[in-house]
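This report concerns only the one structure given below.
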Amino acid sequence: MSVPGPRERTAVLPQAAGPLNGAPETARPAQGDPARPHDGTGPADTEHTGPAPGPADSLRPAVAGSGSHGLTLLVIGDDPTSSVPEMSDGQGHKVRVRTARNLTEAQRLLTDDVHCVLLDLAAMPRQEARDADDRESRAETEETGTQDELEPLRAVLRLAPRHAVLALTAEADAERGAEAVRVGAQDYLPRDQLDGTVLSRVVRYAVERKRADLAQRQLTESRLRAQENARLERGLLPTPLLDGSDLRFAARYRPGRSRALLGGDFYDTVRTPDGTVHAMIGDVCGHGPDEAALGVELRIAWRALTFAGLCGDELLSTLQRVLENERDNDEIFATLCTVDIAPDGRNAGVCMAGHPAPLLARAGRAPRLLPFESGGPALGLLPRARWPRHQVTLGGAWSLLMYTDGLIEGRVGDGNQRLGQDGMVDLVAAKMAAGLRGEALLDAAVTEVRDLNGGELTDDLAVLLLDRGEAWS
Numbered sequence: 001m002s003v004p005g006p007r008e009r010t011a012v013l014p015q016a017a018g019p020l021n022g023a024p025e026t027a028r029p030a031q032g033d034p035a036r037p038h039d040g041t042g043p044a045d046t047e048h049t050g051p052a053p054g055p056a057d058s059l060r061p062a063v064a065g066s067g068s069h070g071l072t073l074l075v076i077g078d079d080p081t082s083s084v085p086e087m088s089d090g091q092g093h094k095v096r097v098r099t100a101r102n103l104t105e106a107q108r109l110l111t112d113d114v115h116c117v118l119l120d121l122a123a124m125p126r127q128e129a130r131d132a133d134d135r136e137s138r139a140e141t142e143e144t145g146t147q148d149e150l151e152p153l154r155a156v157l158r159l160a161p162r163h164a165v166l167a168l169t170a171e172a173d174a175e176r177g178a179e180a181v182r183v184g185a186q187d188y189l190p191r192d193q194l195d196g197t198v199l200s201r202v203v204r205y206a207v208e209r210k211r212a213d214l215a216q217r218q219l220t221e222s223r224l225r226a227q228e229n230a231r232l233e234r235g236l237l238p239t240p241l242l243d244g245s246d247l248r249f250a251a252r253y254r255p256g257r258s259r260a261l262l263g264g265d266f267y268d269t270v271r272t273p274d275g276t277v278h279a280m281i282g283d284v285c286g287h288g289p290d291e292a293a294l295g296v297e298l299r300i301a302w303r304a305l306t307f308a309g310l311c312g313d314e315l316l317s318t319l320q321r322v323l324e325n326e327r328d329n330d331e332i333f334a335t336l337c338t339v340d341i342a343p344d345g346r347n348a349g350v351c352m353a354g355h356p357a358p359l360l361a362r363a364g365r366a367p368r369l370l371p372f373e374s375g376g377p378a379l380g381l382l383p384r385a386r387w388p389r390h391q392v393t394l395g396g397a398w399s400l401l402m403y404t405d406g407l408i409e410g411r412v413g414d415g416n417q418r419l420g421q422d423g424m425v426d427l428v429a430a431k432m433a434a435g436l437r438g439e440a441l442l443d444a445a446v447t448e449v450r451d452l453n454g455g456e457l458t459d460d461l462a463v464l465l466l467d468r469g470e471a472w473s
């Protein structure tokens, strides 16, 4: 005996007997299922010819059946046709009804254009649910010797995680209906209340409730993911280790990526047991999360090597080996500037690897850039490069500003002119002449650089300031 195939029909209330344009309404066949020939017993399937999804569709919540041409209801039950009255969606569209006698048929008909699933719990055999898609429940039944009356519903919820699901219960079976909602159904409906008006309203409410639930879940997951990323990135930002030093420290950091806390720039400051203060600032080429991760690796490696006693060329050569082993491709490089300040604070050694020279401001003198002619290439460019250490006299009272190119490559005005190092020196000198120091100096400088650029800077920016002997404000 041949097994009858699933049927599809259109249910409408008498006052909504056809679509607004008078054309017949058809339903799309299940994905992967060829169109069935018309046998005279119902409407033939036709190929769906709706518009292709655009880029904006990927930004919407992943809700099944999000079309605007009426609702589609999939009814699952032993005799689903007799259970469904005529319906309208309340907006002049017909409600398309698909029917399936078992979960195997339902799985084939459960396409993305289905909005809601109505499961007849009273007519759905539990054994079929276990046989179809419920290995966990089958194992639990064999272990406990009991049967779960909601096995069919659990199976449908696994098959249709993005669809609204309604449970149809026997008359006066409110307890089973409430349990179905607890398990995951959007609502339940007793069989004796199954008329077109009530069912159409319940279906619409269930669809909107499911859409709201999915949107809220996506929002919650996005918020938790953002919080987790923020905690991770915040934990990766450096904590200066300057206990016992009379130097004052300030820093500002702005990643170029939107809504990020870390970029490819990195910095750090530590004091070793001999009293020397070591400061470093660097920049990995690029602005993505991979560059940020590499910057963190280089910073942590620099701190470990510094505490291990490495300095100057030996330290930078080791960092280059770290970079060469950790980068994704040979085109990735990093610029770096290191400064080691003597315990008395009056002298320092400077090494530069393709990085902008620091700015030194001494009491009674105008700020100036440290000499940079004796620097070496950026890390990762030349396999056997060398980075000489340049000795600098700081004096008794001074401020040392280290920065990445994000501070000097911002635009000035509407043209293509960049601020540059000379413009940055003039800007900082004006702020210091106005009495700004420390945190206030960095805030004012970064704000003016951004204003000159006409908005937020697109490149990562890191600025580090060390002061000795100046009033802290």
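Take the sequence shown: its letters are residues 1 to 473, numbered as in our numbering. Note that the Cβ used here is the ideal one computed from N, Cα and C, for glycine as well. Here the structure is a predicted model, which means the values were calculated and not measured.
DSSP, reduced to helix, strand and coil, places S88 within a strand of the structure shown.
Listed as beta-bridge partners of A361 by DSSP are S399.
The beta carbon of V339 sits closer than 6 Å to the beta carbons of A279, A348, V350 from its chain, once the five residues preceding and following it are set aside; these are given in chain order. Around the beta carbon of F333, 16 or more other beta carbons lie within 10 angstroms, which makes this residue buried.
In this structure, DSSP gives R204 a helical state, which the three-state scheme calls helix. For R254, the beta-bridge partners assigned by DSSP are L461. Exclusion of the five residues before and after A397 leaves R362, A363, R468, G469, E470 as the residues of its chain whose Cβ lies within less than 8 Å of its Cβ.
The beta carbon of E439 sits closer than 7 Å to those of A250, all from its chain and outside the five residues before and after it, given in chain order.
When the alpha-carbon of L316 is set against those of I281, A292, S88, P190, the nearest one is in I281. Within the stretch 161 to 186, the runs of beta strand (DSSP E) that reach at least 3 residues and sit entirely inside it are, in chain order, 164 to 169.
Under the 10 Å beta carbon count, D265 is surrounded by 16 or more other beta carbons and is classified as buried. Burial is judged here by how many other beta carbons sit within 10 angstroms of a residue's own beta carbon; R182 has fewer than 16 and is exposed. For V75, the three-state secondary structure derived from DSSP is strand. Excluding the 5 residues flanking it on each side, H115 has same chain C-beta neighbours closer than 6 Å at G65, L71, T72, V207, in chain order. In the DSSP assignment, the residues bridged to F266 are G282. Annotation: N347 is outside any alpha helix (DSSP H); the continuous beta strand (DSSP E) that includes it extends over 347 to 353. DSSP places F333 outside both helix and strand once states are collapsed to three, so it counts as coil. In the DSSP annotation of this structure, the continuous segment of the alpha helix (DSSP H) that includes D422 starts and ends at 420 to 433.
Residue L199 holds the alpha-carbon nearest to the alpha-carbon of E86 among L199, D290, E175.
Under DSSP, H287 forms no beta bridge with any residue.
R389 carries a coil assignment under DSSP once its states are collapsed to helix, strand and coil.
Nearest to L452 by alpha-carbon distance, out of G420, A433, A429, is G420. When DSSP states are grouped into helix, strand and coil, D467 belongs to the strand group. I300 carries a helical assignment under DSSP once its states are collapsed to helix, strand and coil.
Beta-bridge annotation (DSSP): P190 is paired with T169. Note that the C-beta distance between G376 and A366 is not below 8 Å.
Burial is judged here by how many other beta carbons sit within 10 angstroms of a residue's own beta carbon; D120 has at least 16 and is buried.
For the pair L369 and A357, the CB atoms are nearer than the 8 Å cut-off. Boundaries of the alpha helix (DSSP H) harbouring L319: 312 to 326, taken from the DSSP string. Rounded to the nearest angstrom, the Cβ distance from L103 to A155 is 6 Å, consistent with a contact under 8 Å.
For T99, the three-state secondary structure derived from DSSP is strand. At a Cβ-Cβ threshold of 8 Å, H287 and D460 count as neighbours.
A straight line joining the alpha-carbon of L360 with that of S374 spans about 17 Å.
Residue state for G295 is assigned as helix, using DSSP reduced to three classes. Under the three-state reduction of DSSP, F372 is assigned to coil, being neither helix nor strand.
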